[in-house]
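Per UniProt numbering, the sequence shown starts with residue 1, numbered consecutively.
Glycine residues also receive a C-beta, built at the ideal position from the N, C-alpha and C atoms.
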Amino acid sequence: MPAPATGRFLSAVHHFPLRIYFEDTDLSGLVYHANYLRYMERARSDMLRIAGIDQRSEHEGGSGVYAVTDLAIRYRRPARLDDDLMVVSRVAAVRSASCTIAQSVMRGDEELTNATITVAWLTPQGRPQRQPKAWTDIYTRLCQGEDLHP
Numbered sequence: 001m002p003a004p005a006t007g008r009f010l011s012a013v014h015h016f017p018l019r020i021y022f023e024d025t026d027l028s029g030l031v032y033h034a035n036y037l038r039y040m041e042r043a044r045s046d047m048l049r050i051a052g053i054d055q056r057s058e059h060e061g062g063s064g065v066y067a068v069t070d071l072a073i074r075y076r077r078p079a080r081l082d083d084d085l086m087v088v089s090r091v092a093a094v095r096s097a098s099c100t101i102a103q104s105v106m107r108g109d110e111e112l113t114n115a116t117i118t119v120a121w122l123t124p125q126g127r128p129q130r131q132p133k134a135w136t137d138i139y140t141r142l143c144q145g146e147d148l149h150p
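Dropping the structure here:
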C-alpha cells in the first residue's frame, strides 16, 4: 500500500501539496475562507513531523501541547475546484516557549493566501512553558535557513 501524501523540505522551507475538492468550496465555487487555515495547519503538522518534532508523544506523555496564540492572514486570490496548490512554510522566529511560522498558499507562482502564525508550548494546565530544547534547536536551524535533510 502506498504511503500517505506528505510534504518535503527544500532547504529549510517546507512544501506541502494539496488539491481542491468540491467539499472545500462554497456556493460560489471558491474555496471557503476558513479552509485555508485547515490547509496551513496540515502543512505545519507535516513540517514538524518531518523535522523530527513529535508533538503526539509529548501530548500523550502529558508534557504539553501547542496552541495558536497569534494569527494574521491575508487573502489575495481565490482557489477553485481541482486547483493543485502548495502550502509553503518557513520558521520565521523562535523563542523559548513559542515559534512563529510564515506560510503561503500558492497556485504555481501565484500567492493566494499568506499568514503568520505563532504557537506557544503550554503545560497541560494551559500555562506557557519552555519548549523541549531539541525542538528549539530544530526551529533555530530552520530559522537560520539550514537544510535538515541535505
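Legend entry - Assigned exposure category for P21 - 16 Cβ within 10 Å defines buried: The identity of residue 21 in the sequence shown is Tyr, whereas the question assumes Pro. Counting every other CB atom within 10 Å of its CB across the protein chains shown gives Y21 a total below 16, marking it as exposed.
Legend entry - Three-pair Cβ contact test at 8 Å for the segment 101-114 versus the segment 51-65: no
Legend entry - Cβ neighbours of D70 in the same chain (closer than 6 Å, five flanking residues each side left out): Excluding the 5 residues flanking it on each side, D70 has same chain C-beta neighbours closer than 6 Å at T118, in chain order.
Inset, instruction - From the DSSP output, in three-state form, read off M40 for me. - result: Note: M40 maps to helix in three-state DSSP.
Legend entry - Option in D109, S28 and A92 with minimal Cα separation from Q103: Considering only D109, S28 and A92, the residue with the shortest C-alpha distance to Q103 is A92.
Legend entry - Counterpart residues of S98 in DSSP-defined beta bridges: A120
Inset, instruction - Rank D26, Q131 and H14 by C-alpha distance to the C-alpha of A43 and give the top, closest one. - result: H14
Legend entry - Coarse secondary structure for D1, derived from DSSP in three states: Looking at the sequence provided, one finds Met at residue 1 rather than Asp. DSSP places M1 in coil when its eight states are reduced to three.
Inset, instruction - With a floor of 3 residues, list each beta strand (DSSP E) that falls wholly inside the segment 4-80, ordered by position along the chain. - result: 8-10, 13-19 and 65-75
Legend entry - Among G52, Y36, G145 and G29, nearest to R76 - alpha-carbon criterion: Of the listed residues, the one whose Cα sits closest to R76 is Y36.
Legend entry - Closest by C-alpha distance to D84, when choosing among Q125, L148, S28 and V105: V105
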